[in-house]
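K.L.:
Take a look at this one; I'll ask things after.
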Amino acid sequence: MAKRNGSSTLSENVTKKLRYDILDGQYEPGAPLTVSELAKGFEVSVAVVREALTRLATQGLVIQNPNHGFSVKTASEEELKSIIEARLINESAALRLSIAHGDLTWESNVIAVHHKLSQTPEYEDGHPKLVVREEWSDIHRQFHYELIAACPNPVLLDICRRLWDLSEFYRHYSPPQQSVRDGRAEHKALADAVVSRDGDRAVEIFKAHIQLTAEILFDHR
7 MAKRNGSSTL SENVTKKLRY DILDGQYEPG APLTVSELAK GFEVSVAVVR EALTRLATQG
67 LVIQNPNHGF SVKTASEEEL KSIIEARLIN ESAALRLSIA HGDLTWESNV IAVHHKLSQT
127 PEYEDGHPKL VVREEWSDIH RQFHYELIAA CPNPVLLDIC RRLWDLSEFY RHYSPPQQSV
187 RDGRAEHKAL ADAVVSRDGD RAVEIFKAHI QLTAEILFDH R
């Protein structure tokens, strides 16, 4: 049993690292993911890598080809449009439910993670193009997750989290060359509306936030 648990932990660690690398744009869309090479790089067994890639395939980030192994998901404008539309529908619903059901602890968590986000630099220094810092990316994810964390529907939350990962894939795939928005102000307005329990205003700000993200992505593809 201990051996199985150890293998499971290794697989989870490899899954997390590969997931981050894919979302960070370190692999091109459609790039092959050779099991033996990954196993060598992670210093784990082929079975562990296969399990990790299979997990990522269920999350939509990896394609499992019966005769050609694994590859990073491909990218298309049509899919991006579908992802944005699905986020607007599902995340708006989850946000309304979260505001309606959230308690003081949830409210405090929203305030705390927003403060961390506002105090964390978004981009790396010294790069010719914009490179998002890993720390900021993690806190940004936490912020958006926390906004909907009080939603009592776990299925809806799972859908929102999967859609978030898919949109992150595109965000790193086609980053702008320079900052074209005041993300800090957008996040503050969203957090303020949520903490004020103004569901209509929060959803309005959220939709504008996501639609602007979509416009930037389409402009830089």
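Counting from 7, one number per residue, gives the positions in the sequence shown under our numbering. Even for Gly, the Cβ is constructed at its ideal location relative to N, Cα and C.
Flag this pair as touching only if the segment 77-92 and the segment 166-173 have three or more C-beta atom pairs under 8 Å; answer yes or no.
P.N.:
Judged by Cβ distances under 8 Å, the segment 77-92 makes contact with the segment 166-173, as three or more pairs qualify.
K.L.:
Taking contact to mean 3 or more Cβ pairs, one atom from each stretch, closer than 8 Å, check whether the segment 114-125 and the segment 147-164 are in contact.
P.N.:
Yes: the two stretches touch, three or more of their Cβ pairs being nearer than 8 Å.
K.L.:
Pick from 223, 162, 142 and 116: whose alpha carbon is nearest that of residue 196?
P.N.:
Ranking 223, 162, 142 and 116 by Cα distance to residue 196 puts 116 first.
K.L.:
What residues are listed by DSSP as bridge partners for residue 20?
P.N.:
BP columns for residue 20 are empty, so no partner.
K.L.:
So what does DSSP say about residue 50, is it helix, strand or coil?
P.N.:
Residue 50 falls in the coil class under three-state DSSP.
K.L.:
For residue 8, which residues of its own chain have a beta-carbon under 7 Å away from its beta-carbon, when the five flanking residues on both sides are left out?
P.N.:
Residue placement at residue 8 is poorly supported in this model, since its pLDDT is 39, which falls under 50; the coordinates still yield a value, given next. Excluding positions up to five away in sequence, the list is empty.
K.L.:
Taking 6 Å as the limit between beta carbons, can you name the residues of its chain near residue 100, skipping five residues before and five after?
P.N.:
So the list reads 154, 157, 162 and 166, once near-sequence residues are dropped.
K.L.:
Go through the segment 44-117 residue by residue and report every complete run of the alpha helix (DSSP H) that reaches 4 residues or more, in order.
P.N.:
52-64 and 83-107, all fully within the segment 44-117.
K.L.:
If you drop the 5 nearest sequence neighbours on each side, which residues of the same chain put their C-beta closer than 7 Å to that of residue 20?
P.N.:
Only 48, 50, 54, 55 and 58 meet the Cβ criterion.
K.L.:
Let me confirm a value: residue 173 is counted as buried when at least 16 other C-beta atoms fall within 10 Å, else exposed. Which label applies?
P.N.:
Looking at its Cβ environment, which holds 16 or more other Cβ atoms inside 10 Å, residue 173 is buried.
K.L.:
Roughly how far, in whole angstroms, is the beta-carbon of residue 216 from the beta-carbon of residue 187, given that I think they are within contact range, below 8 Å?
P.N.:
Not quite, the Cβ-Cβ distance comes to about 12 Å (not below 8 Å), so this is no contact.
K.L.:
Tell me whether residue 22 is buried or exposed, calling it buried when 16 or more other Cβ atoms sit within 10 Å of its Cβ.
P.N.:
Classification for residue 22: exposed.
K.L.:
Residue range of the alpha helix (DSSP H) that residue 211 falls in?
P.N.:
It spans 205-225 - the alpha helix (DSSP H) in which residue 211 sits, taken as one unbroken run.
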